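In the working numbering, the protein residues as written are 118 to 401.
Note that CB positions come from ideal geometry on N, CA and C, so glycine has one too.
Since we're looking at a predicted model, the values are computed, not measured.
So the structure is just underneath, and the comments pick up after that.
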Amino acid sequence: MRSAAHERGTVAGWGVVKPPGPSRVAGVSMAGFRSGGAGPVDVRVVPHPAVTLALEFGNGPLVVDVATGRQQRGNLVAGFLHSAVRVRGENIECLQVRLSPVAARAVLGASPSELDRTLVALDDLWGRDAARIGQRLGDATSWQDRFALTEALLARRAETGPAVDPEVVFVWDRMLVSRGRVRVEDLAAEVGWSRKRLWSRFRSQIGLPPKRAARLVRFDHAAHRLAAGEGAAGVAADSGYADQSHLHRDVLAFTAMTPATVAGQPWLSVDGIAWAEHGVGETG
Numbered sequence: 118m119r120s121a122a123h124e125r126g127t128v129a130g131w132g133v134v135k136p137p138g139p140s141r142v143a144g145v146s147m148a149g150f151r152s153g154g155a156g157p158v159d160v161r162v163v164p165h166p167a168v169t170l171a172l173e174f175g176n177g178p179l180v181v182d183v184a185t186g187r188q189q190r191g192n193l194v195a196g197f198l199h200s201a202v203r204v205r206g207e208n209i210e211c212l213q214v215r216l217s218p219v220a221a222r223a224v225l226g227a228s229p230s231e232l233d234r235t236l237v238a239l240d241d242l243w244g245r246d247a248a249r250i251g252q253r254l255g256d257a258t259s260w261q262d263r264f265a266l267t268e269a270l271l272a273r274r275a276e277t278g279p280a281v282d283p284e285v286v287f288v289w290d291r292m293l294v295s296r297g298r299v300r301v302e303d304l305a306a307e308v309g310w311s312r313k314r315l316w317s318r319f320r321s322q323i324g325l326p327p328k329r330a331a332r333l334v335r336f337d338h339a340a341h342r343l344a345a346g347e348g349a350a351g352v353a354a355d356s357g358y359a360d361q362s363h364l365h366r367d368v369l370a371f372t373a374m375t376p377a378t379v380a381g382q383p384w385l386s387v388d389g390i391a392w393a394e395h396g397v398g399e400t401g
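What follows is the structure, encoded as structure tokens:
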């Protein structure tokens, strides 16, 4: 029997609650969030190699803004977001789910390629399931019950949703293991596909072209090392960048910030508590 969910601390204005153990659903990680009493929360998103579900049940609202002026409130699905996204609100309680892109297709019932750099209301994808889980999370009296309810729904959807090609899963896993330091041509040869076929199937099922996916995995690893206090020169050398300038350009491309600024972002501080025990892009 699992032990109870437990509070992991407060950082950047968020109280973070972790489930008692890893999810039984492959490719799924969960964490609970509640905004503190020190006023509104307002943080910038640092891109990461996962699709995100936000399930709100507090007094909220949870508000997500993008630079185009588009705004989404309440339950939502976020694809591979970019640096112009802000998460803000007051009196928020929500459960966040990070989906490996190889699990997202089945759980969402839609390809992550339809979500690239976009926010979608969860109702648009799940219909009655979205309203039902929101109501049940609000009625639940403990985080342990909320995690269990969400896991049961995700498990049911994962079992009935469309699967990703095993070759695509293999390529994604290799990207994670290598921390993005792979050649797409070599991966295509390993699975016996042409480069063109790998690009097409990977893009349609994962949501990003293979090279950009590998860059995002590499960036995510580097960003967390920067946030841990490591110097940019050492991170660049150990993460597969040609030099420190190369790292600087990649960080700027993903976040519109310098490596030094990224290192101090509250988003990564929260990351270190909410998702530290399980890789956000892992398949299981």
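Candidates the options: which alpha carbon is nearest residue i's?
i	options	result
residue 293	338, 244, 309 and 314	338
residue 165	216, 182 and 157	216
residue 197	244, 137 and 229	229
residue 391	182, 146, 343 and 346	146
residue 283	309, 170 and 208	309
residue 139	372, 207 and 261	261
residue 387	213, 376, 187 and 226	213
residue 168	255, 187, 209 and 237	237
residue 136	143, 142, 148 and 144	148
residue 367	347, 345 and 330	330
residue 326	289, 296, 362 and 349	289
residue 381	348, 364 and 344	344
residue 328	341, 348 and 296	296
residue 161	373, 348 and 202	202
Whole angstroms are fine: how far does the CA of residue j sit from the CA of residue i?
i	j	result
residue 383	residue 277	37 Å
residue 359	residue 158	37 Å
residue 189	residue 357	36 Å
residue 334	residue 265	29 Å
residue 231	residue 324	7 Å
residue 173	residue 235	18 Å
residue 133	residue 187	27 Å
residue 315	residue 243	29 Å
Can you tell me where the beta strand (DSSP E) with residue i in it begins and where it stops?
i	result
residue 150	145 to 152
residue 169	168 to 173
residue 212	210 to 216
residue 190	188 to 190
Would residue i pass as an interface residue toward chain D - the criterion being a Cβ-Cβ separation below 7 Å?
i	result
residue 262	Given the protein chain composition of this structure (a single chain), no chain D is represented.
Hey, could you find the ends of the alpha helix (DSSP H) residue i is sitting in?
i	result
residue 243	239 to 243
What is the C-beta distance between residue i and residue j, in whole angstroms, given that I count them as a contact (C-beta under 8 Å)?
i	j	result
residue 239	residue 192	4 Å
Checklist entry - Between the stretch 343 to 356 and the stretch 249 to 266, do at least 3 Cβ pairs fall closer than 8 Å? => result no
Checklist entry - Are the stretch 262 to 274 and the stretch 301 to 311 touching, with three or more C-beta to C-beta distances below 8 Å? => result no
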